[in-house]
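>
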Amino acid sequence: FLENRIMRTEEIKDTNWADFCEKFQETHRDARVSLEVIKHDGTTSVIATNEPLQKFWFHKTEDCTDHIHIRAGAIEHKVIDPIHIRVREQSNNQKLLEIDAETGSVEMRFTSGRIGAILNDLELVEPAAMGGEGGRKIR
25 FLENRIMRTE EIKDTNWADF CEKFQETHRD ARVSLEVIKH DGTTSVIATN
75 EPLQKFWFHK TEDCTDHIHI RAGAIEHKVI DPIHIRVREQ SNNQKLLEID
125 AETGSVEMRF TSGRIGAILN DLELVEPAAM GGEGGRKIR
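Residue 59 in the working numbering is what sits at position 35 of the sequence shown, and the numbering runs on without skipping anything.
#1: Which residue wins for smallest C-alpha separation from A42, given the options I62, I109, H52 and E100?
#2: Could you tell me if C45 is buried or exposed, where buried requires 16 or more neighbouring beta carbons within 10 angstroms of its beta carbon?
#3: At the level of alpha carbons, what is the spacing between T9 and A55?
#4: For the region 123 to 133 against the region 48 to 63, do three or more pairs of beta-carbon atoms, one drawn from each stretch, fall closer than 8 Å, so that the two count as touching?
#5: Got a sec? Which residues, its chain only, sit under 7 Å from A96 by beta carbon, not counting five neighbours each side?
#6: Go ahead and pull the three-state DSSP assignment for A98.
#7: Answer with buried or exposed for V70, where buried requires no fewer than 16 other C-beta atoms within 10 angstroms of its C-beta.
#8: With a floor of 3 residues, list each beta strand (DSSP E) that falls wholly inside the region 67 to 132, ordered by position along the chain.
#9: Quick check on the burial criterion: 16 or more other C-beta atoms within 10 angstroms. Buried or exposed for K47?
#10: By alpha-carbon positions, which one of V111, A98, I36 and K37 ends up nearest to M132?
Spelled out as structure tokens, the structure:
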């Protein structure tokens, strides 16, 4: 059935990260999210569970130390030097936003029907090119 269908992974081109983050924040402000940090050694830490998303923005710097800032409830997290931003729909209307970075990865889980409209307006990475340049391979 459709509710058990898993959507393919979509990767946002790095030239569209600022637009994606701005649109994501606009359409998902106060949406309930859960955040999990995955370090390069495989250890994980859940830092937020079912918290309202308050801020999600991309900050480009001149010295190439870009950041993505996430605030959910009382939790603030900064993703340093992002490499990939990917999104996919999982079963039961659950969405997963994966951000791979130099310092590890962050997974944001949320439910929303608005992600498709955001992706339609952005340039995405071709499926054959996904998973390159370090970071995790697509599962």
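For each residue, glycine too, the CB sits at the ideal point set by N, CA and C.
Just so we're clear, the structure is a prediction, and the values are computed from it rather than from any experiment.
So, from the listed chains and residues:
#1: If you number the sequence shown from 1, residue 42 lands on position 18. The residue with the shortest Cα to Cα distance from A42 is I109.
#2: Mapped onto the sequence shown, residue 45 falls at position 21. Residue environment: C45 is assigned as buried (16 or more neighbouring CB atoms within 10 Å of its CB, all protein chains considered).
#3: The displayed coordinates of the chain run from 25 to 163. Any statement about residue 9 would go beyond what the structure contains.
#4: Per the Cβ contact rule, the region 123 to 133 is in contact with the region 48 to 63 (3 or more Cβ pairs under 8 Å).
#5: As a position in the sequence shown, residue 96 is number 72, starting the count at 1. Answer for A96: V57, L59, A72, E75, P76, L77 and Q78, listed in chain order.
#6: One-based indexing of the sequence shown puts residue 98 at position 74. Here A98 sits in coil by DSSP.
#7: Translated into the one-based positions of the sequence shown, residue 70 becomes position 46. Its Cβ having fewer than 16 others within 10 Å, V70 is exposed.
#8: You should have 68 to 83, 91 to 96, 99 to 104, 106 to 113 and 118 to 125.
#9: Here residue 47 refers to the residue found at position 23 when the sequence shown is read from its first residue. Here K47 is buried: its Cβ has 16 or more other Cβ atoms, across all protein chains shown, within 10 Å.
#10: Here residue 132 corresponds to residue number 108 of the sequence shown, with the count starting at 1. Taking each of V111, A98, I36 and K37 in turn and checking the Cα distance to M132, the smallest one comes out for V111.
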